[in-house]
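Enquirer:
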Amino acid sequence: MNEISASAVPDLKAMNALEEKITSLFSGQGFEHIDPAIIQPADVYLQQIGESIRGRSYVFTDIDGQELCLRPDLTVPAARVFIEDHEHYGDKARVYYSGPTFRYPYGDTASDHSREFRQAGIEIFGKEDTEKVEAEVLSLTINAIKEVGISNFNIRLGDLGLFDALLYAIDMPERWRKRLSENFWRPEEFRAILKQLSAPQNLEYEEGLRSLLRKLNDLSTKESEAHVSQYLNDHAIPLIGARTLPEITNQLRAKAADLVANPLEPEKIELIERYLEISAPPKAVGARLEDLAEKSGLDLTHALERYQKRIEWLNKLEVDLSNAQFTAEFGRNLEYYTGFVFQIEKQDMEQDGHIAGGGRYDNLIQSLGSTKSLPAIGTALHLDRLAALIDGDVL
Amino acid sequence: MTENLTIAVPSKGRLMEETSKYFHAHGLNMQKIGHDRGYQGEIEGFEDIDIVYLSASEIAYQLKTGQIHMGITGEDLVRESIIGADQRIEFLKQLGFGHADVVVAVPDCWLDVRMVQDLEEMAIEFRARHSRRLKVATKYMNITRQFFTKKSVAGYRIVESLGATEGTPMGGTADLIVDITSTGETLLANHLRILDDGIILKSQANLLASRAADWGGGAAEVRLELMNQLNKNSSADQSDEAQDQADQSLEEK
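Line order of the protein sequences matches chains A and B.
Start counting the first sequence at 1; every next residue gets the next number (this note's numbering).
Start counting the second sequence at 1001; every next residue gets the next number (this note's numbering).
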């Protein structure tokens, strides 16, 4: 077990100076300072990100039995502030924050400062010009990094919306699309599903269930439910728990449909694979996509327009994209991103050692309990990593 | 000055009895020192060994911290309470008692869910319809998390359950469970079914050594002596059977 060092920051003076530079930049741009709670209800994260959060953060039970956690990021806490102070913000807000976040440090080389680390960042809630605000957030992130004296870095870009657009342009059963889309952020699982869909479905069910499934394909929903209900009765299986007969029947019908469905055609799989292989300078991606769409006869016009519009805005804001790479597979490992994503990496850093990252997360506000569905986008900078870089570079 | 080798054994119940029997079968007599209700013991003829009686879960914890050199407890508790158990603990011997399977069980009426993979497919629909993730009741939070990660299941969350876990799906506090079972009768009575690939761990009592303990001052030598004794007198042992089970259990992982 690692020793826990007494100080949260190796060089407090340097850290304060760094933090000051970045936060004044944010406030100078009109962002409002917020101070989200360090202790958060664990429930919120378990619901948003899932059980994996327990494996990498500090979830605990207090003496009253409530499950809490030390915030593992600042995006969810900031979004909660926005929702809670709805009267103050209305439907729009631009906020910044700076403070500690907490994650369980994995591996022998993990330092204390990967257990408790500082992040400064911004979040923009509410409806804005989509591509313009995306370019703005990336531009501001880069400016903040330059502001503290770091100029050697790479930019990695991705777009989950683009992938969804591709998926919806390809003809396949809706339930397959959903599975692929839901698993985009997990590359290994994604590949496994793709492989599974490429072959005839084979269910290792016992004969009784098999014959039930075969019947369902020729029946209406209502008739199917009656058959499933009959099957449960015949086998003396009571219906318990939250799932209803229609829900169970519905899933069985999906499986039944899969049993007789034609496998996903090799051309479609190749198309998805070819998209995921795209890794190119951002300005070259448009042509690659057009080429892909043309050859496969897909309509990606709308998605392409939005992509180009974002590039135009990045140009207008004079964002230097010479060290940028668009990687189709880049989707971040947090489940709540929905569209444009980016990461700033030190040139010689390993992949998870990024110094800043962010993106669009349009579903979070509503799923955190807001009555309105409002888009959102944000960025966070890793102050400890920036401080370590300045220490090494400048001195 | 020599350091004694500390071995922790379960302080009560069948695990304690079986441990005592196991030692006895290998020509080692374990007995308490002082008061019968005390928690200290010894092994006759082994002056360099201290026996301490602890609860089964405390044994796992103290092996992790290195307060004890060796211990006997269930593999389920070790894997649950020690992250990266294989790096931090030596699994020396499967002892052939204290059998219990840690399993994933779902309501029998979920005809569409036979394999762990079905769970993930269904979880997407479930979340859309119920605006929440599937709830898994268990006291094995870490084992559950690791297993589902390995099986690529993400659409769930755990509700901690410290007792009567099998009743939670019927009671409505959870949708499915991860729990231990030996005969499966309680599962049946609560209309639950183990998934076809839902056996997470075939657990049994293990003889374990801590890698965090201080093995200097003669402790390592005493351990060698003890292990020789346990390996030598295997007449009363079901060693072949124990080995089979060990292999089987490893395959499950």
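Glycine is no exception: its CB is placed at the ideal position from the N, C-alpha and C atoms.
The structure displayed is predicted, hence computed values, not measured ones.
1) So for I1194 (chain B), helix, strand or coil by DSSP?
2) What is the DSSP secondary structure of F117 (chain A), counted as helix, strand or coil?
3) At 8 Å on the CB atoms, spell out the chain A contacts of A1154 (chain B), in chain order.
4) Note down, in chain order, every chain B residue with its Cβ under 7 Å from the Cβ of I240 (chain A).
5) Does the beta carbon of G55 (chain A) sit closer than 8 Å to a beta carbon anywhere in chain B?
6) Using the beta-carbon of each residue, which ones in chain B are nearer than 8 Å to V228 (chain A)?
7) Name the residue from B:G1066, B:E1058, B:A1008 whose alpha carbon lies nearest to the alpha carbon of W1215 (chain B).
8) Check whether the Cβ atoms of A1212 (chain B) and K1093 (chain B) sit closer than 8 Å, and answer yes or no.
9) State yes or no: is the C-beta of A1154 (chain B) within less than 8 Å of the C-beta of E1121 (chain B)?
10) The ligand MN and L1028 (chain B): does the residue's C-beta get closer than 7 Å to at least one heavy atom of that ligand?
11) For a cutoff of 8 Å on Cβ pairs, would you count R243 (chain A) as touching chain B?
12) In chain B, what lies closer than 9 Å to K215 (chain A) by C-beta?
13) I want to verify the contact list: residues of chain B whose CB lies under 8 Å from the CB of Y168 (chain A), in sequence order.
14) State the start and end residues of the unbroken beta strand (DSSP E) segment that holds M1115 (chain B).
15) Look up A78 (chain A) in the DSSP assignment and say whether it is helix, strand or coil.
16) Using CA coordinates, which residue listed in B:T1149, B:G1098, B:F1091 is at the minimum distance from M1227 (chain B)?
17) Run through the DSSP bridge pairs and tell me what D1179 (chain B) is partnered with.
18) May I ask you to report which of helix, strand or coil DSSP gives T1258 (chain B)?
19) With DSSP collapsed to three states, give me the class of D1050 (chain B).
20) Against chain B, does S114 (chain A) count as a neighbour if the rule is that its beta carbon must be under 8 Å from one of theirs?
21) Any beta carbon of chain B sitting closer than 8 Å to that of I63 (chain A)?
22) What in chain A is Cβ-close to M1227 (chain B), meaning under 9 Å?
23) So that I know if they touch, is there some Cβ in chain A lying closer than 8 Å to that of N1186 (chain B)?
24) To the nearest angstrom, how far is the alpha carbon of G1074 (chain B) from that of S151 (chain A)?
25) Where D1118 (chain B) and L203 (chain A) are concerned, what is the direct C-alpha to C-alpha distance, given to the nearest angstrom?
26) Roughly how far, in whole angstroms, is the beta-carbon of G121 (chain A) from the beta-carbon of L381 (chain A), given that I think they are within contact range, below 8 Å?
27) Taking CB distances under 8 Å as the criterion, tell me whether D1175 (chain B) reaches chain A.
28) Can you pull the chain B neighbours of Q47 (chain A), defined as C-beta to C-beta under 8 Å?
29) Mind the definition here: the segment 1192–1199 of chain B touches the segment 1100–1107 of chain B only if three or more C-beta pairs lie below 8 Å; say whether that holds.
30) Could you tell me which residues DSSP puts in a beta bridge with G1071 (chain B)?
31) Please confirm whether I145 (chain A) has its beta-carbon closer than 8 Å to some beta-carbon of chain B.
32) Going by the DSSP bridge assignment, what does I377 (chain A) pair with across the sheet?
33) Starting from E182 (chain A), find everything on chain B with Cβ-Cβ shorter than 7 Å and list it in chain order.
Expert: Taking the coordinates as given:
1) strand
2) strand
3) G50, E51, S52, R186, E335
4) P1107, C1109, P1169, M1170, H1191
5) yes
6) L1111
7) B:G1066
8) no
9) no
10) Of the ligands one can find in the structure shown there are none, so the ligand MN has no counterpart to examine.
11) yes
12) Correct list: empty, because the minimum Cβ distance to chain B is about 13 Å.
13) Within 8 Å Cβ-Cβ: nothing; Y168 (chain A) doesn't reach chain B, min ~16 Å.
14) Element bounds for M1115 (chain B): n/a, residue is neither H nor E.
15) helix
16) B:F1091
17) B:V1103
18) With chain B running from 1001 to 1253 in the structure shown, residue 1258 (chain B) is simply not present.
19) strand
20) no
21) no
22) By Cβ distance, chain A contributes nothing, its closest Cβ being about 27 Å from M1227 (chain B), past 9 Å.
23) A small fix is needed here, since residue 1186 (chain B) is Thr in this sequence, not Asn. False, the Cβ-Cβ gap to chain A never drops below 8 Å.
24) 55 Å
25) 11 Å
26) 6 Å
27) yes
28) R1132, R1133, R1157
29) yes
30) B:A1008, B:L1208
31) no
32) A:I124, A:R360
33) I1124
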